[in-house]
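J.: Here it is, the structure, as structure tokens.
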Amino acid sequence: MSTDALISDTSIPEKSDSSIPNGSAAAAILSAGIGSLAVALLTIVADQSATVKSLLSIYKPTGALSGVTTFAVVFWLVAWTLLEWRWRGRYVSLKRINLMAFTLLALSLLATFPPLGDLL
Amino acid sequence: MGITTRSLWTLIHGMGFGALYLLACSGAIALLFLHSSPKADAHSTPGMDRVLGIYITVMSALAWLTVLSGTYVVYPWYRAAVPAGTTNLGAFPRALLLSNPATRQWHSLGMEWKEHVAWLVPIAITMAAFVAIKYARDLKHSPPLRSAVIGFVATSLFAAGIAGFFGAMLDKNAPVDGGQFIHVAQGE
Chain A
50 MSTDALISDT SIPEKSDSSI PNGSAAAAIL SAGIGSLAVA LLTIVADQSA TVKSLLSIYK
110 PTGALSGVTT FAVVFWLVAW TLLEWRWRGR YVSLKRINLM AFTLLALSLL ATFPPLGDLL
Chain B
289 MGITTRSLWT LIHGMGFGAL YLLACSGAIA LLFLHSSPKA DAHSTPGMDR VLGIYITVMS
349 ALAWLTVLSG TYVVYPWYRA AVPAGTTNLG AFPRALLLSN PATRQWHSLG MEWKEHVAWL
409 VPIAITMAAF VAIKYARDLK HSPPLRSAVI GFVATSLFAA GIAGFFGAML DKNAPVDGGQ
469 FIHVAQGE
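Each protein sequence line maps, in turn, to chains A and B.
Using the numbering used here, the final residue of the first sequence is 169, and nothing's skipped along the way.
Using the numbering used here, the final residue of the second sequence is 476, and nothing's skipped along the way.
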């Protein structure tokens, strides 16, 4: 889905709720969901591939966890920066953003649970 | 009476940063609900908005300190490789748990879940802190904005609770111990 599709054409009620454009909030909320999912996906990939696991061991004493979390944080910050750049100063449909962010967060919680992560 | 350096770091990580974070979560949720109550406008001041922002920012710092101390200080001791010929696994918690079928799941389920789910917490609470500071006044009037912040704080409480529970149980079954002994009080 294009990020433009999330910019609200009918956001008058939300617009009147906010004293300042809500684009920056939307960027922070959605990127938090993306960052959370990045933690879960990198965990699963590292678990299923010895090569990836070795590549992600950027700090040997901590093993792959160091790479999983470092790259997830990088993905999160890059996503936040890009969305902030795209939505800053604009009004965005927060209900849709929330739905997407909470879906990503729920998937992350489920995917980090080892028995479920192993099924993927 | 004393404590080893590894035990001390485990305490700082779990009982210090982690437990403080868990305690702070309920306060944050209560503050957010008070902030958004119908009577909030009558009592609300810019000072109260600032308190909420500072409170969640401190929580964010605690969350980062918890995961960073856990991942880069305590976890390497937990997963240390066992040198060949070692018979006493007391200083190697991961190997100790895996050596016994009765405790194996504490590692393969508990630690494997804890070490990853805990990282959702600083991401969620940093977002909440940013929104609480930048949109302090709008939180009262924008239900979707408020829902996002309360939802992410509540989820962070759930994730931190999982990490805290397994952290306590892992330390009970195979404590991270060793290093220099620090004398706290001298016996007679």
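C-beta: ideal position from N, C-alpha, C; glycine also.
Can you tell me which of the three DSSP states Ile-342(B) falls into?
T.: Correct three-state label for Ile-342(B): helix.
J.: Looking only at its chain, what residues have a beta carbon closer than 7 Å to the beta carbon of Leu-153(A), apart from the 5 residues adjacent to it on each side?
T.: Closer than 7 Å at the Cβ level, and outside the excluded window around Leu-153(A), lie Gly-82, Ile-83, Ser-85, Leu-86.
J.: Quick one: list the residues of chain A neighbouring Pro-364(B), beta-carbon separation under 9 Å, in chain order.
T.: The answer, in chain order, is Tyr-108, Lys-109, Pro-110, Thr-111, Gly-112.
J.: State the CB to CB distance for the pair Val-117(A) and Val-88(A), rounded to an integer number of angstroms; the pair is presumed to be in contact (CB under 8 Å).
T.: With a Cβ gap of about 7 Å, Val-117(A) and Val-88(A) count as contacting.
J.: Whose Cβ in chain A lies nearer than 8 Å to the Cβ of Ser-324(B)?
T.: Here the premise fails: no neighbours, minimum Cβ distance about 12 Å.
J.: Compute the minimum distance between the beta carbon of Gly-378(B) and the heavy atoms of the ligand SAM, and state whether it is under 7 Å.
T.: The model depicted lacks the ligand SAM and carries no ligand whatsoever.
J.: When we look at the beta-carbon of Val-441(B) and count the other beta-carbons within 10 Å, is it buried (16 or more) or exposed?
T.: With 16 or more Cβ atoms within 10 Å of its Cβ, Val-441(B) is classed as buried.
J.: Based on the DSSP output, what are the partners of Ile-107(A) in its beta bridges?
T.: Ile-107(A) is not bridged to any residue.
J.: Taking just the CA atoms, how far does Met-347(B) sit from Cys-313(B)?
T.: Near 8 Å, if we compare the C-alpha coordinates of Met-347(B) and Cys-313(B).
J.: Is there a Cβ from chain B that is less than 8 Å from the Cβ of Val-127(A)?
T.: Taking Cβ atoms only, chain B never reaches closer than 8 Å to Val-127(A), which makes this a no.
J.: Can you confirm whether Asp-337(B), when its beta carbon is compared against all beta carbons of chain A, has any partner nearer than 8 Å?
T.: No, Asp-337(B) does not count as interfacial toward chain A.
J.: Take the Cβ of Thr-354(B) as the centre, count every other Cβ of all protein chains shown within 10 Å, and call the residue buried at 16 or more, exposed below.
T.: Per the 10 Å Cβ criterion, buried.
J.: Closer than 6 Å by C-beta to Ala-461(B): which residues in its own chain qualify, once you throw out the five before and the five after it? Chain order, please.
T.: The amino acid at residue 461(B) is misidentified as Ala; the sequence shows Asn. Excluding residues within five positions, the ones whose Cβ falls inside 6 Å are Thr-391, Trp-394.
J.: Once you ignore the five residues that flank Ala-351(B) on each side, which residues in its own chain have a CB closer than 6 Å to its CB?
T.: So the list reads Tyr-309, Val-409, Pro-410, Ile-413, once near-sequence residues are dropped.
J.: Tell me whether Phe-120(A) sits in a helix, a strand or coil according to DSSP, three-state version.
T.: Helix, per DSSP.
J.: Can you pull the chain B residues whose beta carbon is under 8 Å from the beta carbon of Val-88(A), in chain order?
T.: Result: His-404, Trp-407, Leu-408, Ile-411.
J.: To be precise: take each residue of the region 411 to 429 of chain B, compare its Cβ to all Cβ atoms of chain A, and keep it if any distance is under 7 Å. Which residues remain?
T.: Taking 7 Å as the Cβ-Cβ cut-off against chain A, the residues of the region 411 to 429 of chain B that qualify are Ile-411, Ala-412, Met-415, Phe-418, Val-419, Lys-422, Tyr-423, Arg-425, Asp-426, His-429.
J.: Who are the neighbours of Ser-396(B) on chain A, taking C-beta pairs under 8 Å?
T.: Those within 8 Å of Ser-396(B) in chain A are Pro-163.
J.: So with CB distances below 7 Å, who are the chain B contacts of Ser-157(A)?
T.: Within chain B, the residues near Ser-157(A) are Leu-408.
J.: Show which residues of chain A have a CB atom less than 9 Å away from the CB atom of Tyr-360(B).
T.: Within chain A, the residues near Tyr-360(B) are Tyr-108, Pro-110, Thr-111, Ser-115.
J.: For Ile-146(A), which residues in the same chain have their Cβ closer than 6 Å to its Cβ, ignoring the five residues on either side in sequence?
T.: Result list for Ile-146(A): Ala-75, Ile-78, Leu-79, in chain order.
J.: Just list the residues that DSSP pairs Thr-333(B) with in beta bridges.
T.: Looking at the DSSP assignment, Thr-333(B) forms no beta bridge with any residue, so it has no partner.
J.: So, helix, strand or coil for Thr-391(B), using DSSP?
T.: Looking at Thr-391(B) - three-state DSSP - the assignment turns out to be coil, as it is neither helix nor strand.
J.: Per DSSP, which one or two residues make a beta bridge with Ser-292(B)?
T.: The sequence shown places Thr at residue 292(B), rather than the Ser named in the question. Thr-292(B) pairs with Phe-469(B).
J.: So Ser-387(B) and Leu-377(B) are in contact, right, with Cβ under 8 Å, and what is the actual spacing, rounded?
T.: Indeed they touch by this definition, with Cβ atoms about 6 Å apart.
J.: Could you give the distance in angstroms between the alpha-carbon of Trp-297(B) and the alpha-carbon of Phe-305(B)?
T.: Straight-line Cα distance between these residues: approximately 11 Å.
J.: Going along chain A, which residues have a C-beta under 8 Å from Trp-401(B)?
T.: Neighbours of Trp-401(B) on chain A, chain order: Thr-161, Phe-162, Pro-163.
J.: Tell me, please, which residues DSSP counts as bridged to Gly-112(A).
T.: DSSP output for Gly-112(A) lists Tyr-108(A) as bridge partner(s).
J.: Classify Phe-453(B) as buried or exposed, calling it buried when 16 or more other Cβ atoms lie within 10 Å of its own Cβ.
T.: By the 10 Å Cβ count, Phe-453(B) comes out exposed.
J.: What does Arg-367(B) touch in chain A if you count any residue whose Cβ is under 7 Å from its own?
T.: The contacting residues are Gly-112.
J.: Ile-344(B): buried (16+ other C-beta within 10 angstroms of its C-beta) or exposed?
T.: Buried: at least 16 other Cβ atoms inside 10 Å.
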